[in-house]
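Protein chains: 2
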Amino acid sequence: MSPMKLNPVSERFILHWGEMGSKWGVNRTVSQIHALLYLAGKPLPADEIADTLGVARSNVSNSLKELQNWKLIKIVHVMGDRRDHFDTSTDVWELFRVVVAQRKEREFDPTIGVLRDCLDSGDINKEDKATRQRIQDTLGLMESLSAWGDEMLRLEPSTLMKVMKLGAKIQSLIRSG
Amino acid sequence: MSPMKLNPVSERFILHWGEMGSKWGVNRTVSQIHALLYLAGKPLPADEIADTLGVARSNVSNSLKELQNWKLIKIVHVMGDRRDHFDTSTDVWELFRVVVAQRKEREFDPTIGVLRDCLDSGDINKEDKATRQRIQDTLGLMESLSAWGDEMLRLEPSTLMKVMKLGAKIQSLIRSG
DNA sequence: CAGAAATTTCTGTTGCAAGAGAAAGTTTTG
DNA sequence: CAAAACTTTCTCTTGCAACAGAAATTTCTG
Chain A
40 MSPMKLNPVS ERFILHWGEM GSKWGVNRTV SQIHALLYLA GKPLPADEIA
90 DTLGVARSNV SNSLKELQNW KLIKIVHVMG DRRDHFDTST DVWELFRVVV
140 AQRKEREFDP TIGVLRDCLD SGDINKEDKA TRQRIQDTLG LMESLSAWGD
190 EMLRLEPSTL MKVMKLGAKI QSLIRSG
Chain B
40 MSPMKLNPVS ERFILHWGEM GSKWGVNRTV SQIHALLYLA GKPLPADEIA
90 DTLGVARSNV SNSLKELQNW KLIKIVHVMG DRRDHFDTST DVWELFRVVV
140 AQRKEREFDP TIGVLRDCLD SGDINKEDKA TRQRIQDTLG LMESLSAWGD
190 EMLRLEPSTL MKVMKLGAKI QSLIRSG
């Protein structure tokens, strides 16, 4: 099959998304596939993805599995076609929320665990007081961020948007409240 | 020189920080060096860093330059020692702020530029309406986050802390205000 | 249930970032 | 200004993630 031709803007979007992903520790092909599905806005079969992006079918297969682990895509079926098709949300806020929640769960929370563990261990007394305090501070920051993240993630996108729009005005609310 | 011995907790902290860095697109050695300087809480010379972490002197040199580009460390001098010493803030909030600001500037803002560019280009009309809308939505989300980030980064750590403590309670303030 | 279609797993390759060590360069000091 | 101390730049190596293609497996269809 000859490579499926993307519109120039879609191509640019997808390529840039791939670069972005790399810089944040996400495999380039994985990012690109997700960008493609997002822009397509409709379920695509794996071979069409491979064809469009010009990567090996097996690479697509593994990347799709990865995206499923991230809960960013799901398998759907199209009438009269036995191939699996893959679909992602077209709601960018929802996608954002999922990515943040996943990274928090995978990397942030475990780190909090390690820090707690460090502070609980008998070995902690071998460290000098100031070092101990810095580990404690780090844990404190991460716990605050974690708790705040959980609360924010629970809000509706529209509410979250309002919170952000409020921005720094929140300062005055804190003083008054 | 024989490798300088770290306390077990420091070692664990530094190793874990290195792993964390990798997952977020930061070079492992770079993360480790920063963690070491943070825990040490005092300026260290490059050779002592190389020695403590067991990596090549040249690697340390390049990593230190990288950390300076990130504005996370600076060169200081110690009386009676002609070697450069490297120092980082021991204020974890300040460090957090710098990292967020840098990543925003390096990766987030340029992406906003690309998206604007996409939407301004003549080629955008080749895309179908729904795709165009999704690019527009993506830009909207990123612009909101960017503006909000700028405002938050301007706040004092202590204020920022209060904002986070407020958490979801902010919802009611929005309704009332 | 045989053959076809689709998918996944396995195996080997490749490209590149990360890093070591040598060489070159710079700064300091007597 | 020569030698020593220190730092950076350069070059080559290495390890590993990313990937391709083949082989194996599963699922579907008449």
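Chains A and B are the protein sequences, given in the same order.
First residue of the first sequence? That's 40 in the numbering used here, and the numbers climb one at a time after it.
First residue of the second sequence? That's 40 in the numbering used here, and the numbers climb one at a time after it.
Ideal Cβ placement from N, Cα and C applies to all residues, glycine included.
- V69 (chain B) sits in a helix when the DSSP states are folded into three classes.
- The C-beta of A89 (chain A) has 16 or more other C-beta atoms within 10 Å across all chains shown, which makes the residue buried.
- The beta carbon of R51 (chain B) falls within 8 Å of a beta carbon belonging to chain A, placing the residue at that interface.
- Residue B:F147 holds the alpha-carbon nearest to the alpha-carbon of W187 (chain B) among B:K204, B:L106 and B:F147.
- Of all residues in the segment 123-135 of chain A, only T129, V131, W132 and F135 place a beta-carbon less than 7 Å from a beta-carbon of chain B.
- Residue pairing by DSSP places F147 (chain A) opposite no residue, since no beta bridge is assigned to it.
- Taking a beta-carbon distance threshold of 8 Å, E144 (chain A) does not count as an interface residue toward chain B.
- Beyond the five residues adjoining it in sequence on each side, G57 (chain A) comes within less than 8 Å, by CB distance, of R67, T68, S70, Q71 and A74 in the same chain, given in chain order.
- Taking a C-beta distance under 8 Å as the contact criterion, M59 (chain A) and T177 (chain B) do not qualify as a contact pair.
- In the three-state scheme derived from DSSP, where H, G and I count as helix and E and B as strand, P47 (chain A) is classed as helix.
- As computed with DSSP, L83 (chain A) is found in a beta bridge with A:F125.
- Under the 10 Å beta carbon count, A95 (chain A) is surrounded by fewer than 16 other beta carbons and is classified as exposed.
- Per DSSP, I174 (chain B) is not a residue of any beta strand (DSSP E); the alpha helix (DSSP H) it occupies stretches across K168 to R193.
- H124 (chain B) sits buried, since 16 or more C-beta atoms from the chains shown fall within 10 Å of its C-beta.
- In the DSSP assignment, V115 (chain B) is bridged to B:H124.
- Out of B:E195, B:M191, B:M118 and B:M200, the CA that lies nearest to the CA of V202 (chain A) is found in B:M191.
- As the crow flies, the alpha-carbon of R155 (chain A) is around 25 Å from that of R193 (chain A).
- Look at K204 (chain B) here: in three-state DSSP terms it is helix.
- Just measuring C-alpha positions, the residue of A:T170, A:L184, A:E182 and A:S183 sitting nearest P47 (chain B) is A:T170.
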